[in-house]
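Chains as they are written, first to last, in the working numbering: chain U, 191 to 394; chain V, 191 to 394.
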DNA sequence: CTGGACTTACTAACCGATTAGTCAAAAGAC
DNA sequence: GTCTTTTGACTAATCGGTTAGTAAGTCCAG
């Protein structure tokens with residue numbers, strides 16, 4: 191009646207999520223079929239349909255699965271000093287994805303489907319709002335502590351997310367993770383100019 | 191035997207490109223089929239295959255068609271004064287697309303396919319290089335004229351393109367063109383801080 | 001502790017719909 | 001009359017989803 195610590199998770203739902211992840215990485219979203227997910231799962235396609243009524247249901251669940259993981263990594267940033275905290279958050283948003291370029295591709299594919307799949311749009315929007323809230327909060331915190339200039343925190347948060355989204359898109363299209371590094375520098379410059387007005391930023 | 195000024199262009203190739211454009215706007219890239227393009231064209235699917243061997247050939251040609259048009263709009267900017275020229279270029283990149291949100295969606299869909307369709311990737315990359323070159327040139331021009339600070343023009347160009355790409359991605363995912371306006375402001379702030387260092391920018 | 005009832009987790013076979021692409025024949029154009 | 005263009009009918013493959021049936025485990029009554 192309680193959680194036995196199974197190592198490789200015999201929970202079918204979770205294993206299907208993992209199978210979906212693998213299939214997505216290998217074939218991309220456009221070629222993500224129930225058949226391929228089933229192949230990764232090691233079972234029949236009907237087995238997938240037993241757990242998820244439709245493909246859309248599965249994909250919506252998968253998006254929850256993946257976005258929850260992403261939110262968790264954001265939560266790992268525990269530093270409270272505004273300047274350092276903002277730095278670490280930008281690292282999570284811009285340097286961490288460099289290790290998972292194929293996931294970056296799949297995510298952009300799914301993002302581009304948002305206009306046609308409301309279930310996708312809602313989830314991405316919800317996630318964006320949360321990350322934006324986290325950014326706005328740390329900026330406001332910095333302002334009230336006097337380490338940041340008195341700026342429009344909401345706008346600065348949106349600006350930083352624009353840089354993040356731009357970097358991710360460019361990393362996919364240009365088939366190279368250097369846009370993420372470039373954007374990390376751009377974000378630092380923007381923060382230095384707008385938030386740390388007057389301060390000497392770490393210019394090279 | 192040369193260019194009669196026909197108004198609605200009886201050139202089949204060009205009309206198929208236009209039909210593809212309409213089909214893409216209406217159904218999105220993921221649901222862009224030969225059948226739908228043929229429906230817009232007003233002919234049979236086999237007629238499409240007569241002009242373009244495969245769907246990929248057609249799509250590659252279409253990407254050329256659409257990116258060439260985009261380059262033309264960039265070329266419309268004739269102002270030579272660096273500061274004003276950069277402003278107008280950013281307008282072309284960030285405010286002009288607000289009138290064609292559905293094209294923005296389709297373009298993002300095609301961009302996300304770049305990793306799987308080399309023909310797409312090459313064309314987007316070529317286009318990006320050109321726009322980046324135009325930006326770098328105007329920045330370098332501004333530096334040599336003394337109106338811009340002595341910065342790494344290549345990096346600033348990449349930064350601005352990151353903001354542009356981020357805004358476009360966000361406009362699609364968030365189903366709203368305001369990210370483009372936000373990004374226009376962000377770009378202005380970035381230019382003001384990095385290029386016009388010290389100058390009083392038009393802050394509100 | 002045994003035996004029926006019910007649940008979970010699947011499989012194999014199949015369905016209608018849709019896809020890109022082919023081909024011989026017909027229809028125009030000059 | 002010939003060359004370009006277009007059509008209708010077609011194929012082979014793949015898609016998401018449905019169906020009936022099965023094996024194994026759990027639950028519970030007596």
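Using N, Cα and C, we set each Cβ at its ideal position, and we do this for glycine too. Bear in mind that the values here come from a model prediction, so they are computed numbers and not experimental data.
Asked                                                                                                           : Found
Buried or exposed (CB count within 10 angstroms, at least 16 for buried), residue 303(U)                        : buried
Short CB-CB distance (under 8 angstroms) between residue 364(U) and chain V                                     : yes
Separation of residue 299(V) from residue 279(U), as counted between CA atoms                                   : 28 angstroms
Within 8 angstroms, strictly: CB atoms of residue 356(V) and residue 355(U)                                     : yes
Helix, strand or coil at residue 304(U) according to DSSP, with G and I counted as helix                        : coil
Extent of the continuous alpha helix (DSSP H) run through residue 349(U)                                        : 343-363
Cβ of residue 287(V) within 8 angstroms of any chain U Cβ                                                       : no
Residue 368(V) - DSSP class collapsed to helix/strand/coil                                                      : helix
Below-8 angstroms beta-carbon distance, residue 298(U) vs any chain V residue                                   : yes
Beta carbon proximity, residue 349(V) to chain U, threshold 8 angstroms                                         : yes
Entirely enclosed alpha helix (DSSP H) segments - the segment 227-301 of chain V, minimum 4 residues            : 235-241, 245-265 and 272-284
Separation of residue 362(V) from residue 295(V), as counted between CA atoms                                   : 6 angstroms
Cα-Cα separation between residue 327(V) and residue 349(V), rounded to whole angstroms                          : 15 angstroms
Range of the contiguous alpha helix (DSSP H) that encloses residue 211(V)                                       : 202-217
Sub-8 angstroms separation of residue 305(V) and residue 289(U) beta-carbons                                    : no
Residue 310(U) - DSSP class collapsed to helix/strand/coil                                                      : helix
Which listed residue (285(U), 233(U), 312(U) and 291(U)) has its alpha carbon closest to that of residue 249(U) : 312(U)
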